[in-house]
């Protein structure tokens, strides 16, 4: 029998239903006498920017020292994983891209790799499509780290770096819009390849970005690295060593800033990363300062990867040849984003009844995926992003579950915050880089 200490339950005709409320706030407050115990219980969040998103923290304070910290999640719950069970396999890309909205390309790629593994077509993905995926992911990693730097700077009082970080990120979003038709939530990486080839105009923009960005990184370091307030707020703050990271399942820059160079692109390569030349930055101290240095170094490594990917882009198809899987439309970028090209619509509507039937069946019903289950993990900007996909042989997923690094890494917040100052809760929470859309999905 399933019972819960946190949710009231009742029996219905559909089975046992649990009613989840806002936690045990009344019990927490009633157990503290603020006059005699000299302790108070406060809510921090959920609001921007202090808790780095719609994250609620319940803090028990003694003066300015945090005695107990609890994370309360769920304020950005979207039900995306459940929605996937009611859409075909290609439509799933449109849903998962909205989870971690700062790393949409990673959500799409992990999902597509899982579907391709179920289909048994991993080796059939074209070289150009794989190279474009690497190119897009590394650009997305840079844009995500820029948002981290911008928002963390703002939360610690460095308003200038917030403006500069978003300024450079805007350039990457312009590149994404040129390629996919959208700045965010692209649904660009799809099972079998990518939706649209990279236009020449985007290549020019990326080359310009590669020239410009190293100078901007130097500006960031000149602005922050020697700044006394920044170093005071980050060095020796929210320490989490490698042992604690492993015990809590923490991955990504937080783990690497504790000295362990675990990066799935190196340890368990995918998308041909084993053939690229790049380093895995680490730092021994495991504090906010180390996480800052690791993320800046990762931006530099991603720039190297983007340049290598550009040099490898050879002409060729960007979708598998199997017409039972490949999206039948010839897509094009229009003023309102990506959609069917007018030439393709004219052809199927006026010349080929068979093409129209095939298009209709594949778009409305989708392709069938053999029964089975797979797990695929990739290295997102926040750590290991894993997809557990289950198929029952139909045209829709039976179940898709994400191992979301924002959700897992938030477990570390009490370990980092308790015993420290309330001001350091902000620095420590921000250094985890949680994106609540991914956490709550």
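Residue numbers (the UniProt record's numbering): 1 to 441. Backbone N, C-alpha and C fix where the C-beta goes; we use that ideal spot for every residue, glycine too. Note that the structure is predicted; figures quoted are calculated from it, not measured.
Item: Where residue 18 sits in the DSSP three-state scheme; Value: strand
Item: Distance CB(residue 109)-CB(residue 189) smaller than 8 Å; Value: yes
Item: Continuous beta strand (DSSP E) assignments of at least 3 residues falling wholly in the region 351-382; Value: 372-380
Item: Three-state secondary structure (DSSP) of residue 71; Value: strand
Item: Cβ shell of residue 177 (< 7 Å), same chain only, five flanking positions each side left out; Value: 183
Item: Contacting residues, own chain, Cβ-Cβ under 8 Å from residue 398 (five flanking each side not counted); Value: 85, 390, 391 and 392
Item: Proximal residues to residue 94 (C-beta, below 7 Å), its chain only, five neighbours per side dropped; Value: 187
Item: Contacts around residue 297, its chain only, beta-carbon distance under 7 Å, and the 5 residues preceding and following it disregarded; Value: 281
Item: Whether residue 76 touches residue 440 by CB criterion (8 Å); Value: yes
Item: 8 Å CB neighbourhood of residue 370 in its chain, flanking five on each side removed; Value: 118, 119, 120, 391 and 393
Item: Own chain, CB closer than 6 Å to residue 162, minus 5 neighbours either side, in chain order; Value: 150, 153 and 154
Item: 8 Å Cβ shell around residue 215 - same chain, five flanking residues per side excluded; Value: none
Item: Straight-line Cα distance separating residue 382 from residue 97; Value: 15 Å
Item: Nearest residue (CA-CA) to residue 437, options 387, 103, 307 and 246; Value: 103
Item: Residue range of the unbroken alpha helix (DSSP H) whose run includes residue 38; Value: Unbroken run through residue 38: none, as it is neither H nor E.
Item: Distance between beta carbons of residue 326 and residue 442, contact taken as under 8 Å; Value: Because the chain in this structure spans residues 1 to 441, residue 442 falls outside the shown range and cannot be described.
Item: Own chain partners of residue 411 with C-beta closer than 6 Å, once the 5 adjacent residues on each side are dropped; Value: 248
Item: Distance, residue 172 Cα to residue 313 Cα; Value: 19 Å
Item: Distance CB(residue 175)-CB(residue 142) smaller than 8 Å; Value: no
Item: For residue 388 and residue 81, the rounded distance between their alpha carbons; Value: 11 Å
Item: Inter-residue spacing [alpha-carbon to alpha-carbon] between residue 209 and residue 139; Value: 10 Å
Item: Nearest-angstrom Cβ-Cβ length linking residue 134 and residue 309, presumed shorter than 8 Å; Value: 5 Å
Item: Beta bridge counterpart(s) of residue 402 as assigned by DSSP; Value: 387
Item: Residue 409 beta carbon less than 8 Å from that of residue 294; Value: no
Item: Own chain partners of residue 169 with C-beta closer than 7 Å, once the 5 adjacent residues on each side are dropped; Value: 143, 146 and 147
Item: C-beta contact flag for residue 259 and residue 283 at 8 Å; Value: yes
Item: For residue 19 and residue 305, the rounded distance between their alpha carbons; Value: 48 Å
Item: Helix, strand or coil at residue 8 [DSSP, three-state]; Value: strand
Item: CB of residue 475 within 8 Å of CB of residue 422, strictly; Value: As displayed, the chain neither begins before 1 nor continues past 441, which places residue 475 out of reach and without an answer.
Item: Burial state of residue 136 (16 or more Cβ within 10 Å); Value: buried
Item: Residue 419, buried or exposed, once every other Cβ within 10 Å from all chains shown has been counted against 16; Value: exposed
Item: Residue of 230, 263 and 307 minimising C-alpha distance to residue 253; Value: 263
Item: Neighbourhood of residue 265 by C-beta distance below 6 Å, restricted to the same chain and skipping five residues each side; Value: 273 and 379
Item: Separation of residue 395 from residue 414, as counted between CA atoms; Value: 42 Å
Item: Through-space distance from residue 156 to residue 271, alpha-carbon basis; Value: 37 Å
Item: Residues sharing a beta bridge with residue 47, DSSP; Value: 53
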